[in-house]
Amino acid sequence: MVGSEGGAQSSFSAIANLVAADNRDVNILVIGDSTSNETSEWVYLFFSGAIAPTHSIVYHLWDDVAVAYASPVTLSTGSGAHTIHVWNASVSGARAMFLFGVNFSLPS
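So the number in the working numbering is just where the residue sits in the sequence shown, counting from 1, plus 2.
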């Protein structure tokens with residue numbers, strides 16, 4: 003069930019399995035609001051921790067003014083060749099559908 007605790011656990015387990023396999027890069031999209039888009043808030047703090055020492059972690063924050071992702075920030079450098087890219091599309095006061103249509107930008 004989408005939005006249920008079981009659904010969240012299943013999604014997290016899938017990500018954990020990809021990281022544990024250590025055979026490719028992993029991309030994680032976070033869609034949130036003003037409680038998720040600052041360096042003092044949960045997304046940045048969670049991924050700044052030592053969650054996957056074999057993977058580098060690169061943080062991409064959506065810039066609402068530029069209407070694009072800001073320059074990536076490397077939060078940690080892993081011991082292996084693969085990277086976890088965290089795409090933080092959290093925008094203060096916006097609905098989850100904000101990045102649909104004209105506001106959606108694929109990274110180059």
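All C-beta atoms in this analysis are idealised placements derived from N, C-alpha and C, irrespective of residue type, glycine included.
What you are looking at is a predicted structure, and each value in this text was computed from that prediction instead of being measured.
Proximity of residue i and residue j at Cβ, strictly below 8 Å
| i | j | result |
| --- | --- | --- |
| Ser42 | Ser94 | no |
| Asn90 | His62 | yes |
| Ser92 | Ile33 | yes |
| Phe49 | Leu20 | no |
| Asp27 | Gly82 | no |
Nearest residue (CA-CA) to residue i, options the options
| i | options | result |
| --- | --- | --- |
| Val75 | Ser58, Gly34, Trp44, Ala96 | Ser58 |
| Ser73 | Ala23, His87, Ile53 | His87 |
For residue i, the residue or residues it bridges with in DSSP
| i | result |
| --- | --- |
| Ala70 | Asp65 |
| His1 | Residue 1 lies beyond the residue range present for the chain, which begins at 3 and ends at 110; the question has no answer from this structure. |
| Ser78 | Ile59 |
Whole-Å CB distance - residue i paired with residue j, under 8 Å assumed
| i | j | result |
| --- | --- | --- |
| Thr85 | Val60 | 6 Å |
Buried versus exposed, by CB contacts within 10 Å (16 or more), residue i
| i | result |
| --- | --- |
| Ala54 | buried |
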